[in-house]
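Line by line, the protein sequences are chains Y and W. Under numbering that gives the first Met the number 0, the residue at position 21 of the first sequence is numbered 20, and the numbers go up by one with no gaps. Under numbering that gives the first Met the number 0, the residue at position 223 of the second sequence is numbered 222, and the numbers go up by one with no gaps. Glycine residues also receive a C-beta, built at the ideal position from the N, C-alpha and C atoms. Report on the structure given below.
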Amino acid sequence: MIKLIFTNLTQRPTRTAVSILAVALGVALVLVSVGLSYGALNDSAERTRQMGDVMVQPSNASFLQVLNSGNFAVRIGTVLEKVDGVAAVTPVLSKFLAEAFHLIYGIDTESFLKVNEIFQILEGRMFEGAEEVVVDTNYAHAQKVGVGDQINILGTLYTVTGIFKEGIGARVLLPLVTLQEKNGTPDKCTMFFIRVRDDATIDEVYEELKVRTKGYKITKTAELQELLAANTPVFRQFITAVVTLSSVISFLMILLAMYTTITERTREIGILKSLGASKAYIIKLILQESLLICGLGVLVGYGLTFVTLQIVVATFPNLKVDISEAWRVGAALMAVGAGIFGALYPALKAAQLDPIKALGYE
Amino acid sequence: MSNTIEIRQRQNLLQVDDLRMVYKVGRVDVPALRGVEMRVKEGEFLAIMGPSGCGKSTLLHLLGGLIQPTTGRVSIEGVDISKVSDAVRTRIRRDKVGFVFQRFNLLPSLTARDNIDLARTIRGIGSAAQNGSDAERILDLLGLRNKMHHRPSELSGGEQQRVAIARAIINRPKILLADEPTGNLDSENSMMVLEMLQELNVKYKQTIILITHDPEVASNAGRIIEMRDGLILNRVENLYYAVEQSRLT
């Protein structure tokens, strides 16, 4: 049976290739979309997580920093510092640069360095003046910016004084006061990051903060990744839409390919029936052929995803990709499922063929 | 002559009683068979002769369980295949019947060996290696060993029909049904195919039912049935057949 399946596929190489490509496109569409979406989300969550152990925001704030404005009074920080177990607190004003499509952070250097012990300037120095900024390695590489160069932020030129190791906060850091002025929100920030004295007491500090700062949004940064995925507006709907679209494309392509195959091979099915092939044998034959197409489609899809993401990341170095094993398997199962359902109707139709009519088919 | 007598004494392998088949063409009923009665004994070589449209192909398809009659019985070894389910009829066809068609009906994507092998695979017997060697043996017997890796398009008509015969008999069916097996062949290849069928019948006691409109082809059979307008007109014992049998044995 395997030989028959292989020869059927090799006999019609163009259609086989198109079917494989259609399934591959479905798989690649899912994996590229999911990879880039989760990549951006997880990268943001991870960089935020590195900012501190706990994040404090106004009650109506979103986990998605892009959506938040700077309306949180900086002086609240003094209240937070007094909570038992808190080692350091730093205010951060975040702003999303739509044109550059990334966040910038306005920070208070002194408190920031207390909270972020792993922050590391690799080249140059931390900013000191109002019109100085530091950028991370990813930004420096992507924008081809070095120490001493100037970058334009919101219409003002800033001098890059240092390059820090990527993975903490935003890609560009500038003085809190500078960004407050630029934003028109003096003495305001977007959120606070807190470092606890002892990692083992994070839960206790978190509970204490909840009691002491009723009405504020307190988040353990370690949970941010899950919270972001669950609470980001339209994220799940987007992923669901992409997966559904890909499944439908794969399903329709397999349906079309197998239906055409059955029509073309009507006579061959008649021959199989005359040899005593049962309905189950014919259904199995067609389903296995479809599964083989889907299997090859999945492999090509993986390759296509790899190539596409290589191109995307080379073109936009700021973008991060994160494809979990579960999604790889999920995309494969989606393709296989679409293949089975797409081939089912043609398979049942073939099994029901009248052998005499099938043998007489031209 | 002794062989003919021997066949007469054998049990019926195939029994057809009052077989009727009516096709619906639009709203019109077109009768193809109008009450056929027939008995075929094991080891017989029977030719069904008649002009186009007389119902001989329909009769062959009914004998092989490819279609169901409107009324009547077709029994193979006592089992009425017109009354059983589609699945059972398929199994009987797979286990007891071999078909040879005028248009050869080989799968174009498979080689000669794989085409023969396929019949074994569908029946679900033997390992791939065993099936392969059986296929090779039978191709050897039919003088096609050097063509076993050729696809049907690379074979002549005669060679294709020999492969089709090999495929039909690889599972050692009780009955071999041949539908105008020489219809698409030149006289030389026709002769070769007919000799092959005779040899199968005589040497291996293969029961063969052959349909043809050609009296010369029919003359190779032990018994000839003539059909017209969906009915059997007469039955003729072929005396020449006994002579041929002794020649082959």
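Asked                                                                                                           : Found
Tyr104(Y) in three-state terms, based on DSSP                                                                   : strand
Test: Ser36(Y) CB closer than 8 angstroms to a CB of chain W                                                    : no
Local conformation of Thr280(Y) per DSSP, three classes                                                         : One detail in the question is off: residue 280(Y) reads as Tyr in this sequence, not Thr. Residue state, collapsed to three classes: helix.
Neighbour flag for Tyr280(Y) against chain W, beta carbons, 8 angstroms                                         : yes
Boundaries of the beta strand (DSSP E) in which Thr189(Y) is found, first to last residue                       : That residue, Thr189(Y), is in no beta strand (DSSP E); it is neither H nor E in DSSP.
Per-residue DSSP class, three states only, for Met0(W)                                                          : Here the model assigns Met0(W) a pLDDT of 46, short of 50, so the residue's position is not dependable and the matter cannot be decided.
Of the listed residues Ile174(W), Tyr203(W) and Asp178(W), nearest to Met48(W) (C-alpha basis)                  : Asp178(W)
Met147(W) - DSSP class collapsed to helix/strand/coil                                                           : coil
Cross-chain neighbours of Ile75(W) in chain Y, by beta carbon under 8 angstroms                                 : In chain order: nothing, as chain Y lies at least about 13 angstroms away.
Minimum Cβ-Cβ distance from Gly338(Y) to chain W less than 8 angstroms                                          : no
Assigned exposure category for Ile310(Y) - 16 Cβ within 10 Å defines buried                                     : exposed
Ser51(W) at chain Y interface by Cβ criterion, 8 angstroms                                                      : no
Per-residue contacts from Glu288(Y) into chain W (C-beta, under 7 angstroms)                                    : Within 7 angstroms Cβ-Cβ: nothing; Glu288(Y) doesn't reach chain W, min ~12 angstroms.
Proximal residues to Phe163(Y) (C-beta, below 7 angstroms), its chain only, five neighbours per side dropped    : Phe118, Gln119, Ile120, Leu121, Val133 and Asp135
Residue of Lys94(Y), Leu102(Y) and Glu127(Y) minimising C-alpha distance to Glu109(Y)                           : Glu127(Y)
Range covered by the alpha helix (DSSP H) that runs through Ile75(Y)                                            : Ile75 to Glu80
Leu61(W): first and last residue of the uninterrupted alpha helix (DSSP H) it sits in                           : Lys55 to Leu62
Reduced DSSP category for His140(Y) - H, G, I as helix; E, B as strand; rest coil                               : helix
Own chain residues within Cβ distance below 6 angstroms of Gln14(W), not counting five before or after          : Arg38 and Ser74
Short CB-CB distance (under 8 angstroms) between Gln10(Y) and chain B                                           : Going by chain labels, chain B is absent from the structure shown, which instead holds the protein chains Y and W.
Start and end residues, alpha helix (DSSP H) containing Glu194(W)                                               : Ser186 to Tyr203
Per-residue DSSP class, three states only, for Ser110(Y)                                                        : helix
Leu45(W) in three-state terms, based on DSSP                                                                    : strand
Distance between beta carbons of Gly161(Y) and Gly123(Y), contact taken as under 8 angstroms                    : 3 angstroms
Closer than 9 angstroms at the beta carbon, the chain Y residues around Ala86(W)                                : Ser277, Lys278 and Ala279
With 16 other Cβ atoms within 10 Å as the buried cut-off, status of Ile282(Y)                                   : buried
Under the three-state DSSP convention, the category Arg11(Y) falls into                                         : coil
Neighbourhood of Ile169(W) by C-beta, 7 angstroms cutoff - its chain only, sequence neighbours within 5 removed : Ile115, Ala118, Arg119, Asp133, Ala134 and Ile137
C-beta neighbour in chain W for Ser249(Y), strict 8 angstroms                                                   : no
Leu184(W) vs Ile207(W) beta-carbon contact at 8 angstroms                                                       : no
Cross-chain neighbours of Asp113(W) in chain Y, by beta carbon under 7 angstroms                                : Lys2
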